[in-house]
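J.: Questions regarding the structure given below will be posed in turn.
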Amino acid sequence: MFKLGIRLFDDKLRELPEPCSLLFISSPGIDPVPVAISTLCNVSRDQGKAIYVVNNKPPASVRREAGLLGFDLPRLSEAGRFVMVDSYSGFSGQPSDEKHVVGDPSSADRILGCLEGAGLDRTFILLDSLSSFMDMHEKGLDDFLGLVAALKKRATVMVLFSTWGYDPDCVKRVKSGFDAVLSLRPVEEASLLRQFLFAERIGETHYEKLAVPIKILRPGGLRVYFPKVLITGPHRSGKSTMVRAMSASAVSVDRMGTTVAMDYGYLDHKGFACDLVGTPGQELFDPILGILAEEAVAVVLVVNATDPRTFERARAMLQRTHARSMPLLVAANYSDGDDALSPEEVRRQLELPEDVPVVPTVAIDRKGVPELQDALINKLMGVAEAESRKEEGGK
Amino acid sequence: MIAPRSKTGIDGIDAALDGGVRSGSFCIISGPSLSGRELLAQQFFFAGLSSEEAGTFLTTKEFMGDVVGQMAERGMELSRFPGRHVFIDSYSPQSDPSLQDTPEVKYVASVADFAKLSNTIITAMTEFTSRGIFQQRLVVDSIDTVLMYVSAAGVYRFLSYLRAKVKGLKAVSFLLIQPDLHEEKDVKTIMQLADVLIEMDPNSGILSVAQTGSPKQTFRYRIGDKGIEVWKGE
Numbered sequence: 021m022f023k024l025g026i027r028l029f030d031d032k033l034r035e036l037p038e039p040c041s042l043l044f045i046s047s048p049g050i051d052p053v054p055v056a057i058s059t060l061c062n063v064s065r066d067q068g069k070a071i072y073v074v075n076n077k078p079p080a081s082v083r084r085e086a087g088l089l090g091f092d093l094p095r096l097s098e099a100g101r102f103v104m105v106d107s108y109s110g111f112s113g114q115p116s117d118e119k120h121v122v123g124d125p126s127s128a129d130r131i132l133g134c135l136e137g138a139g140l141d142r143t144f145i146l147l148d149s150l151s152s153f154m155d156m157h158e159k160g161l162d163d164f165l166g167l168v169a170a171l172k173k174r175a176t177v178m179v180l181f182s183t184w185g186y187d188p189d190c191v192k193r194v195k196s197g198f199d200a201v202l203s204l205r206p207v208e209e210a211s212l213l214r215q216f217l218f219a220e221r222i223g224e225t226h227y228e229k230l231a232v233p234i235k236i237l238r239p240g241g242l243r244v245y246f247p248k249v250l251i252t253g254p255h256r257s258g259k260s261t262m263v264r265a266m267s268a269s270a271v272s273v274d275r276m277g278t279t280v281a282m283d284y285g286y287l288d289h290k291g292f293a294c295d296l297v298g299t300p301g302q303e304l305f306d307p308i309l310g311i312l313a314e315e316a317v318a319v320v321l322v323v324n325a326t327d328p329r330t331f332e333r334a335r336a337m338l339q340r341t342h343a344r345s346m347p348l349l350v351a352a353n354y355s356d357g358d359d360a361l362s363p364e365e366v367r368r369q370l371e372l373p374e375d376v377p378v379v380p381t382v383a384i385d386r387k388g389v390p391e392l393q394d395a396l397i398n399k400l401m402g403v404a405e406a407e408s409r410k411e412e413g414g415k
Numbered sequence: 029m030i031a032p033r034s035k036t037g038i039d040g041i042d043a044a045l046d047g048g049v050r051s052g053s054f055c056i057i058s059g060p061s062l063s064g065r066e067l068l069a070q071q072f073f074f075a076g077l078s079s080e081e082a083g084t085f086l087t088t089k090e091f092m093g094d095v096v097g098q099m100a101e102r103g104m105e106l107s108r109f110p111g112r113h114v115f116i117d118s119y120s121p122q123s124d125p126s127l128q129d130t131p132e133v134k135y136v137a138s139v140a141d142f143a144k145l146s147n148t149i150i151t152a153m154t155e156f157t158s159r160g161i162f163q164q165r166l167v168v169d170s171i172d173t174v175l176m177y178v179s180a181a182g183v184y185r186f187l188s189y190l191r192a193k194v195k196g197l198k199a200v201s202f203l204l205i206q207p208d209l210h211e212e213k214d215v216k217t218i219m220q221l222a223d224v225l226i227e228m229d230p231n232s233g234i235l236s237v238a239q240t241g242s243p244k245q246t247f248r249y250r251i252g253d254k255g256i257e258v259w260k261g262e
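Going down the list, the sequences are from chains A and B.
The first sequence begins at 21 in our numbering and counts up by one.
The second sequence begins at 29 in our numbering and counts up by one.
Below, the structure written as structure tokens:
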């Protein structure tokens, strides 16, 4: 099956019988192509031969976008792992540089014939897109669904479909023709529009809340993206160092080594991306803690494991940032100190429940930082997983 | 209470529309080849920039540089308004697919790729609002190219979406169409979306303006050195 690189989705998609078909729906105003290219290039690199059939733009623009996303399409093509099928030039009348060109893109049989020539058995095929096919060739839905059914016997198929105000019955028919339906939708949060990937149906299981926020990086491709993770903790617990240690890039607003406004970092780890916002630790900055915590999706509390006298202050900061209402993690920093408390003792003294991970770290040496990053991702994804389990349990 | 108006930049038309086009209006300019409808749209675009509004200009059948040049020849220097206009060029990539986006020019490889096209238009417009520029205009020059690639029903669905988004942003949009290039029923399908319809006939020199809820008004017009000029009577 197609691997999106999002474990929560991939685990469920893997349960589908092979080969199978996947419908990828996008709301109007969202371009699904970067997600599709990321998925197909990952498949091409890790799983097998991938074929991109494009019917609504010149193939050169797909190649260009793949390059911007950081994928080495020429190398994959040279290795025979990526094939482009041009189903656009025959329609637009433009010349094509591609080896596989569909002479009459309005004919599903011709597309199938061209795919036969490209060697379609046991491959991963992306059809971009069904909505364009329907819009360009009136009454094309039946032909297209017939093509998908024929391909599915021999290859794994993913189809892009933008919902441009089609008749609801038509959309229902489209969805019923696939083994799984994912959708890319905008969600407004605190007046900001963010893109979320939803699973609508995988096999026979329908979902409403199985979703992750995503972002496209150029270069980098598809990432699960959490816009704000707060890093807080008492003065001199090592928050700024921690933000830098967790980040691919970071800046700090400080004076004489003490954070006076905020630290900012950008984490990019195992297919996940987050903006990290570090707070100042001194009490005189307490009035801005609540502001910095607004719209945060998780909190990492950094404490000095060798100095439990600061734990009362740490508890007060958790209260000010409303951290207990969000996914919370604790970095027990300076854990290499002779008198450092164990993670269990840190948990006990901070009065934390068992489900709050306490990770021993030495931020300045990045010791324990990968484990903290993993714990953060697991915690954030755990929220989505819990929702999906609730839905599966309710069926 | 009269809804806020956006001046078109052409006095006679603004007078006919009680001071300009209502915010959120979806305006279609219809006329045959060489009727001056592109010039009218360019004047409308420039008038917005001159009033400290922002503008997004989609060109589907001319190089962006040529449009900028045509406007400059008539004294409409876009360089006076840096950071307040974006061109979306879906024509140039046909001859050079390697063109790279810049802050002021975004390239879309094909008008048939509605997902990319709509994403680029809406992203450009919402970026203006995120910068605190809430008055803005959109020019689509033209629908003709889109209708060449996509069925009228498909174009209607796409434009319906665009219309709703433009209204949501309280922006004003001008879309150009040359009816004699298409089936009459296709043109009628598209025209249903118009809040304001401006029709230009170069043979008779008549320009008519119809707005929802107002009687149709007709003018004489000509293309002068500075652009379209309209007046009542002979």
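Quick reminder that beta carbons are idealized off the backbone N, C-alpha and C, glycines included.
On a predicted model such as this, the values are computed, not experimentally measured, just so you know.
What residues match up with N324(A) in a beta bridge as DSSP calls it?
T.: Answer by DSSP bridge pairing, in chain order: N353(A).
J.: Closer than 6 angstroms by C-beta to A383(A): which residues in its own chain qualify, once you throw out the five before and the five after it? Chain order, please.
T.: Closer than 6 angstroms at the Cβ level, and outside the excluded window around A383(A), lie G258, T261, M262, A265, N353.
J.: For I145(A) and I71(A), I'd like the C-alpha separation in whole angstroms.
T.: Going from the Cα of I145(A) to the Cα of I71(A) covers about 5 angstroms.
J.: Determine which residues of the region 25-50 of chain A have a Cβ less than 7 angstroms from any Cβ of chain B, and write them out in chain order.
T.: Cβ contacts with chain B: S46, P48, G49, I50.
J.: For a contact defined as C-beta to C-beta under 8 angstroms, what are the partners of G160(B) on chain A?
T.: The premise fails here: G160(B) is roughly 13 angstroms from chain A at the closest Cβ pair, so nothing lies under 8 angstroms.
J.: Return the Cβ separation of T59(A) and L89(A) in integer angstroms, given the expectation that the two are a contact with Cβ distance under 8 angstroms.
T.: With 8 angstroms as the limit, T59(A) and L89(A) do not qualify as a contact, their Cβ atoms being about 11 angstroms apart.
J.: Under a CB-based cut-off of 8 angstroms, is D117(B) close to chain A?
T.: Not one chain A Cβ lies under 8 angstroms of D117(B).
J.: I want to know whether the region 181-198 of chain A touches the region 24-43 of chain A - three or more CB-CB distances under 8 angstroms.
T.: Yes, they touch.
J.: What does the Cβ neighbour count give for V55(A), buried or exposed, with the cut at 16 atoms within 10 Å?
T.: Flag for V55(A) reads buried.
J.: Any beta carbon from chain A within less than 8 angstroms of R191(B)'s own beta carbon?
T.: Not closer than 8 angstroms to any Cβ of chain A, the Cβ of R191(B) fails to qualify, so no.
J.: Roughly how many angstroms separate the alpha carbons of S179(B) and V215(B), rounded to a whole number?
T.: Using only the alpha carbons, I get a separation of about 11 angstroms.
J.: Would a C-beta distance cut-off of 8 angstroms place P233(A) and R205(A) closer than the cut-off?
T.: Result no, Cβ atoms of P233(A) and R205(A) do not sit closer than 8 angstroms.
J.: How big is the Cα-Cα spacing for F7(A) and F216(A)?
T.: Nothing can be reported for residue 7(A), as the shown portion of chain A is limited to 21 through 415.
J.: Using Cβ-Cβ distances below 9 angstroms, what residues of the region 52-68 of chain A are close to chain B?
T.: Residues P52, V53.
J.: Quick one: Cα of L68(B) to Cα of G255(B), how far?
T.: Whole-angstrom Cα-Cα distance: 7 angstroms.
J.: Determine the burial state of G276(B): buried for a count of at least 16 other Cβ atoms within 10 Å of its Cβ, exposed for fewer.
T.: The displayed coordinates of chain B run from 29 to 262. Any statement about residue 276(B) would go beyond what the structure contains.
J.: When you compare each of V194(B), L145(B), A192(B) to V174(B) by their alpha carbons, which one comes out closest?
T.: Among V194(B), L145(B), A192(B), the Cα nearest to that of V174(B) belongs to L145(B).
J.: So who's on the other strand from I251(B), going by DSSP bridges?
T.: Answer by DSSP bridge pairing, in chain order: I256(B).
J.: Which residues of the region 141-156 of chain A have a Cβ closer than 8 angstroms to any Cβ of chain B? Give them in chain order.
T.: Answer set for the region 141-156 of chain A: S149, S151, S152, M154, D155, M156.
J.: In chain B, which residues lie less than 9 angstroms from A80(A) when you measure between Cβ atoms?
T.: Under the 9 angstroms cutoff, chain B gives P121, P125, S126, A137.
J.: Taking Cβ-Cβ distances shorter than 9 angstroms, what residues in chain A pair up with N231(B)?
T.: Correct list: empty, because the minimum Cβ distance to chain A is about 32 angstroms.
J.: Within 10 angstroms of the Cβ of E35(A), are there 16 or more other Cβ atoms? Answer buried if so, exposed if not.
T.: Looking at its Cβ environment, which holds fewer than 16 other Cβ atoms inside 10 Å, E35(A) is exposed.
J.: With 8 angstroms set as the bound, which would you pick, yes or no: does the beta-carbon of D208(B) sit closer than that to a beta-carbon of chain A?
T.: So no, D208(B) is outside the interface.
J.: Reducing DSSP to helix, strand and coil, say where Q239(B) ends up.
T.: Residue state, collapsed to three classes: strand.
J.: Going by other Cβ atoms of all chains shown within 10 Å of its Cβ, with 16 needed for buried, is K260(B) buried or exposed?
T.: By the 10 Å Cβ count, K260(B) comes out exposed.
J.: Could you list which residues in chain A have their beta carbon closer than 9 angstroms to that of G182(B), in chain order?
T.: Simply S151, S152, M154, D155, M156, E158, W184.
J.: Can you list, in chain order, the residues of the region 140-153 of chain B whose Cβ is nearer than 7 angstroms to any Cβ on chain A?
T.: Cβ contacts with chain A come from A140, D141, F142, A143, K144, S146, N147, I150.
J.: What three-state label does DSSP hand L187(B) in the structure shown?
T.: Reduced to three states, the DSSP call for L187(B) is helix.
J.: Please report how far the alpha carbon of V366(A) lies from the alpha carbon of A336(A), in whole angstroms.
T.: The alpha-carbon atoms of V366(A) and A336(A) are separated by roughly 15 angstroms.
J.: Got a sec? Which residues, its chain only, sit under 7 angstroms from F74(B) by beta carbon, not counting five neighbours each side?
T.: Taken in chain order, the residues that qualify are G37, M99, M104.
J.: I need the DSSP call for L36(A), collapsed to helix, strand or coil.
T.: If DSSP states are grouped into helix, strand and coil, L36(A) belongs with coil.
J.: From G83(B) to R101(A), what does the alpha carbon distance come to, in whole angstroms?
T.: Their Cα atoms are separated by approximately 44 angstroms.
J.: Would the region 393-403 of chain A count as touching the region 330-348 of chain A if we require 3 or more Cβ pairs under 8 angstroms?
T.: Verdict: yes, contact present.
J.: Return helix, strand or coil for E101(B), following the three-state DSSP convention.
T.: It is helical.
J.: Taking the continuous alpha helix (DSSP H) assigned at A137(B), which residues delimit it?
T.: Segment: none, A137(B) is in no alpha helix (DSSP H) and carries neither H nor E.
J.: Apply the 10 Å Cβ neighbour rule to D359(A) and answer buried if 16 or more other Cβ atoms are within range, or exposed otherwise.
T.: D359(A) should be labelled exposed.
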